[in-house]
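For the sequence shown, the UniProt record's numbering begins at 3 and goes up steadily by one.
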Amino acid sequence: TSSTPEERFEQIIAADSRVEPRDWMPEAYRKTLIRQISQHAHSEIIGMQPEGNWITRAPSLKRKAILMAKVQDEAGHGLYLYSAAQTLGMPREQMTQDLIDGKAKYSSIFNYPTPTWADMGAIGWLVDGAAICNQVPLCRASYGPYARAMVRICKEESFHQRQGFEILLSLMQGTDAQRRMAQDAVDRWYWPSLMMFGPPDEQSPNSAQSMAWKIKRFSNDELRQRFVSMLVPQAEALGVTLPDPNLRWNAETGRYDMSEIDWTEFFDVLAGRGPMNAERRRARREAHESGAWVREAAAEYARKQALRSER
Ligand code: ACO
């Protein structure tokens, strides 16, 4: 039976199999994947900064080694994801330039400061916890290279979340001052971590189409609910309080009731007005510029190797 490329694409989506780089795909599908995957890659790369801030001051050699490994994992995640976006025809140089020029989005969460060691715990527990909730379903995304990258990334994220939980647990078993520090970090990261899932469903312009294409499997609000239901028993185990007096299980709706999220703050951060937006972009630009000689040397090496193999 002969079918058009459009029909073959629709069949792949309907059969829940994977679209691969050489397959025909609608331009809008390609564009939305480039948008989401490049933003995701940028988030990993910018996400190295808040924790990189603590590598030199980690409280022990063991903590330092773990934190370094974690930040390196994030660099790796960024690289897999840039590669996945490249399979869609987006050049890496352009993605980097867009990030440095402030034209590209990355996750709102990385625009908050990390003033204390407890922030390393709260980031691991809350931020990486939210990332796992969001990313496990992406392992089944319809675009093959993205889905496969997510499988590895999720394994590493689970380790990141456990290490964050363990940092907070140690602090909660420590002195009063350490317990206060842990609670303060949870208070500061809780709401921003809920914002990671994106705007409420009725204000999410991309969700319906991304779900029809099976890039997203759950809506923003569904994932936010899942995340909260994962946090509640873990908060209890830790002995920390989630900073929402209205948070409670509602047996009638089968969902958690919660206070309204401050969406003004979310949209301000997206518009570049978060506490650390300018600093994150400045540090990224500086790192890119000071790495120019490495790129030049690598290109020159590749050129010489190519000449040699021609001879
Ligand atoms: N931070 C920054 N931008 C966001 C955020 C956020 N937390 N949430 C939504 N947005 C942006 C969207 O990118 C979109 O912008 P665009 O249309 O200019 O690209 C806009 O707000 C509207 O949102 P949605 O229509 O809901 O967008 P989408 O369907 O893409 O859903 C989501 C957003 C859930 C973040 C999705 O893109 C996704 O799952 N991305 C992959 C995961 C990811 O990027 N994680 C990064 C943080 S976790 C980590 O990497 C450690």
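We put the beta carbon where it would ideally sit given N, CA and C, even for glycine.
According to DSSP, what are the bridge partners of residue i?
| i | result |
| --- | --- |
| R257 | N252 |
| Y145 | V21 |
Pick helix, strand or coil for residue i, following the three-state DSSP scheme.
| i | result |
| --- | --- |
| T243 | coil |
| L90 | coil |
| V73 | helix |
| Y84 | helix |
| V138 | coil |
| W127 | helix |
| F269 | helix |
| P28 | coil |
| W295 | helix |
| S195 | helix |
| D264 | coil |
| K33 | helix |
| S221 | coil |
| P235 | helix |
| D186 | helix |
| P61 | coil |
| Q38 | helix |
| S4 | coil |
| P117 | coil |
| D103 | coil |
| G274 | helix |
| T98 | helix |
| R313 | coil |
| G166 | helix |
Report the CB separation of residue i from residue j in whole angstroms; it is logged as a contact under 8 Å.
| i | j | result |
| --- | --- | --- |
| A237 | L244 | 5 Å |
| residue 2 | D203 | No answer is possible for residue 2: the residues shown for the chain start at 3 and end at 313. |
| G166 | G126 | 2 Å |
| M97 | A43 | 7 Å |
| T89 | P147 | 5 Å |
| Q51 | A285 | 6 Å |
| M152 | Q137 | 6 Å |
Drop a sphere of 10 angstroms on the beta-carbon of residue i, count the other beta-carbons inside from all chains shown, and report buried for 16 or more, exposed for fewer.
| i | result |
| --- | --- |
| S195 | buried |
| Q163 | buried |
| L63 | exposed |
| P207 | exposed |
| D75 | buried |
| Y258 | buried |
| Y31 | buried |
| S109 | buried |
| E46 | buried |
| Y303 | exposed |
| V271 | buried |
| G274 | exposed |
| T177 | exposed |
| E12 | exposed |
| G131 | buried |
| S40 | buried |
| A210 | exposed |
| L309 | exposed |
In terms of alpha-carbon separation, which member of the options lies closest to residue i?
| i | options | result |
| --- | --- | --- |
| P201 | F112, W265 and R257 | W265 |
| C156 | Q180, Y303 and Y82 | Y82 |
| E159 | K216, D178, R182 and H79 | H79 |
| D25 | K33, G276 and I14 | I14 |
| G276 | S45, V21 and N113 | N113 |
| P139 | R10, I47 and K216 | K216 |
| R37 | K107, W56 and G293 | K107 |
| L171 | V242, M198, E267 and W295 | V242 |
| T6 | Q99, M27 and K306 | M27 |
| A143 | F11, H290, E298 and D18 | D18 |
| R20 | S85, R284, G131 and A149 | A149 |
| N279 | W119, S261, L101 and G123 | L101 |
| C135 | S311, R226 and K306 | R226 |
| L128 | W191, Q99 and Q185 | W191 |
| W251 | L233, K33, E22 and A120 | L233 |
Could you tell me whether any Cβ in chain C is nearer than 8 Å to the Cβ of residue i?
| i | result |
| --- | --- |
| Q307 | The chain inventory of the structure shown lacks chain C, comprising one protein chain alone. |
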